[in-house]
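Encoded as structure tokens, the structure appears first; notes follow it.
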Amino acid sequence: MSSEPKDILRVVGVNHDGTFKDYENVYDQFGSSFIGRGDFDIQEKKCSRKQISIIRNNDNSNFIACNGVNPSYLKKHDQEFFVQMVRDQNYPIENGDCFSMIYESFTFQIIIESKKNKQQQSNSNNSDNENNTTTDKKRKAIDSDEKVEEKKKKKDELPVCPHGASCYRKNPTHFQEYSHPWNEKKSVSDDDQETKNPKDLKPDLNKTSTTTTPKTITDNVPIKQPDLQIQQKKPQPQPQPPQPNNDQQPQPQIKKDIPKKLTLQDIKKDEPKKTIPTTTTSSKNDITIPNPIPTPNPLVAASNNDKAQQQSEEISNAGKIVGPKYKKKKLSDVHKPRTLVFPFLSSIKCGIDIDKAAEIASQAIQEYLQFHQNEEDIKLKMVIEKTIYSDALESFKKILGNKWDKRFEILSIENLNSIEQFSNNCRIYATESTWRLKKIPSNKFLYEDMLSIDGKAINFEKDTKNRFPNPAKIGKSYPVAVNVETRLHKEYGVEYVVLILPPNMNPLKPDCLASYTQSLPLLKESYHSLFTVLDNF
């Protein structure tokens, strides 16, 4: 059995947006190789460091597998759509297959070619290069009709280049592997130019000659056009500004005054042009000149474009705002109180102003309690770290005033990892999370101590992933049932843990939003989603 594969497997970047087209990896040995964050300059945090594995077995079979937390996708060469790969499952791969590391991002194509063909191609390229040293100056031979037809058939049999009309590669091996039909017309015209006599391309300056024999024109032969010769000897006058003419309007040379960085978006087409009288005395008429357009500040324009692009990218992970979906309590649930312990969302480490966060929270809490009037079993208990407790309490008092509902309480705690927040006789406990729905520093005590059985932490992250396999969206809540054997349920009676992904305006944290116009509606949606869970769990 050979110690090396008989084929060479290459992974070439073919991202739809034109990126990663210069990246390529070659796998010519047996074994498993990993592709992930850190390879090909990939810095996306949703992509694991061992997101994809390329497997080459000793029997020359090739497989691909997805090992990351987030799913990867595979598209066969004879299919049109990508299919999600099951984690840790091997999929056979063939020449022309494509895969994406995560959904619609970091797409690569698999190219499998024989080592013998590769070596023959390299040898033929070397021989062609040697022959070209003596034949470069010769005129290209004209191919016969049969050879032209054979070339066309070979080109039709090749697959079309995945880079499209923007392909810039010059490697002859690339042109032997893929066809470029959009370049055929250009190559035919180039061949016609090479077969022509270079003398025929020179202009015939002596148009009055009737002889059929071509005349050679040199620089010493005088041209039989005296007017043209005299005109060439005269000094060329400098271009003068346009003068008004009664019969003809001046040429629009005023375009030179328009700033070079001006774009069509800055021109207001609906504004009428104003007429400005000329300063020259040679004409009595007025010239119609458009008003000069003010030059936009390039720094401001660039910053606005970057900000708009950044906002569109950051808001793409936001959930759809659907509003509250509250329900009235059924008669059969009279003896089941609804007690919720939840944090002051987006206020501590997410960078949202305390007063603005308190205003949004007050609006959502008032809406929920007004919907459930005279339902005294509802208890909303907000826990706030003592470092901001006094400021937050003052903000809530200013907003609610005498409309403060007694079913809503604010409790001061040491921090979000203190045990005192669990001893509030609650059935539902809410905590902030990220799009991964995993443990974070602010709920480390919850995962490692409270969600444990006999002192051993359970795999709560796995239970969460089984229930919610897709990445979390900003403004949404994700309830997960608590194991009845855990300390959290036995000692404190908590039945559900709700993971919330509130909006973030802290640039040091992921998914940072750029303005309050984006973050505040999502913050209110976070409370709506949380209280909806309380009504429907």
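Quick note, the sequence shown lines up with residues 1 to 537 if you use the UniProt record's numbering. No residue lacks a Cβ here, since even glycine has one placed at the ideal position from N, Cα and C. Note that this is a predicted model, so its numbers are computed, not measured.
Check	Outcome
Can you tell which of Asn67, Ile112 and Glu4 has the C-alpha that lies nearest to the C-alpha of Ser100?	Asn67
DSSP three-state call for Val533: helix, strand or coil?	helix
Closer than 8 Å is the cut-off here; do at least three beta carbon pairs connect the stretch 449 to 459 with the stretch 379 to 393?	no
Measure the alpha-carbon distance for Tyr368 versus Ile352 and round it to whole angstroms.	22 Å
Straight-line CA distance for Tyr91 to Leu488?	42 Å
Could you give the first and the last residue of the continuous alpha helix (DSSP H) run that contains Arg56?	Element bounds for Arg56: not the alpha helix (DSSP H) but the beta strand (DSSP E), Ile52 to Arg56.
Using the beta-carbon count (16 or more within 10 Å), is Ser433 buried or exposed?	buried
Report yes if the CB atom of Val494 is closer than 7 Å to the CB atom of Tyr429, and no otherwise.	yes
Could you check where the alpha helix (DSSP H) with Arg467 kicks off and where it finishes?	Phe460 to Arg467
Quick check: the Cα distance between Asn95 and Lys444, rounded to an integer number of angstroms?	46 Å
With respect to the beta strand (DSSP E) encompassing Asp391, which residues constitute its N-terminal and C-terminal limits?	It is not in any beta strand (DSSP E) - Asp391 instead sits in the alpha helix (DSSP H) that spans Lys386 to Leu400.
Report the option in Pro469, Gln366 and Gly38 whose CA atom is closest to the CA atom of Gln84.	Pro469
Could you check what DSSP says for Glu432 in three-state terms: helix, strand or coil?	strand
Would you report the Cα separation of Val11 and Ile111, rounded to the nearest angstrom?	6 Å
What three-state label does DSSP hand Leu369 in the structure shown?	helix
With a 10 Å radius around its C-beta and 16 neighbouring C-beta atoms as the bar for buried, classify His180 as buried or exposed.	buried
To the nearest whole angstrom, what separates the beta carbons of Asn342 and Leu530, a pair I think is in contact under 8 Å?	Residue identity check: residue 342 is Phe in the sequence provided, not Asn. Contact holds; Cβ gap of about 6 Å.
Please report the distance separating the alpha-carbon of Gln363 from that of Val480.	26 Å
For the putative contact between His528 and Gly323, defined by C-beta atoms under 8 Å, what is the C-beta separation to the nearest angstrom?	6 Å
Where do the N-terminal and C-terminal ends of the beta strand (DSSP E) with Leu499 fall, by residue?	Tyr496 to Ile500
In chain order, what residues of the same chain have a beta carbon less than 6 Å from the beta carbon of Lys76, not counting five sequence neighbours either side?	Asp97
Following the continuous beta strand (DSSP E) through Pro172, name the residue where it begins and the one where it ends.	No beta strand (DSSP E) contains Pro172, which is instead part of the alpha helix (DSSP H) from Pro172 to Glu177.
Exposed or buried, which one is Gln421 when buried takes at least 16 other CB atoms within 10 Å?	buried
Using CA atoms only, rank isn't needed, just tell me which of Ser452, Ser519 and Asn415 is closest to Lys490.	Ser452
Tell me which same chain residues have a C-beta within less than 8 Å of the C-beta of Thr532, skipping the five on either side of it?	Pro324, Lys325, Tyr326 and Ser477
Sorted by chain position, which residues of the same chain lie with C-beta nearer than 8 Å to Asp88's C-beta, five sequence neighbours on each side aside?	Ala65, Cys66 and Asn67
Is Tyr492 buried or exposed, if buried means 16 or more other CB atoms sit within 10 Å of its CB?	buried
Return yes when the Cβ of Lys115 is within less than 7 Å of the Cβ of Ile8, no when it is not.	yes
Figure out for me which residue from Arg169, Ser3, Asn70 and Arg427 has the closest Cα to the Cα of residue 602.	Only positions 1 to 537 of the chain appear in this structure, which leaves residue 602 out of reach.
Under the three-state reduction of DSSP, which class applies to Met382: helix, strand or coil?	strand
According to DSSP, is Ser105 helix, strand or coil?	strand
Check each candidate in Glu409, Lys438 and Gln366 and name the one with the smallest Cα separation from Leu340.	Glu409
Buried or exposed: where does Pro5 fall if 16 or more other Cβ atoms within 10 Å of its Cβ makes it buried?	buried
Output yes if chain B places a C-beta closer than 7 Å to the C-beta of Lys328; else output no.	In the structure shown, chain B does not exist; there is a single protein chain.
Where does Asp454 sit, in a helix, a strand or coil, going by DSSP?	coil
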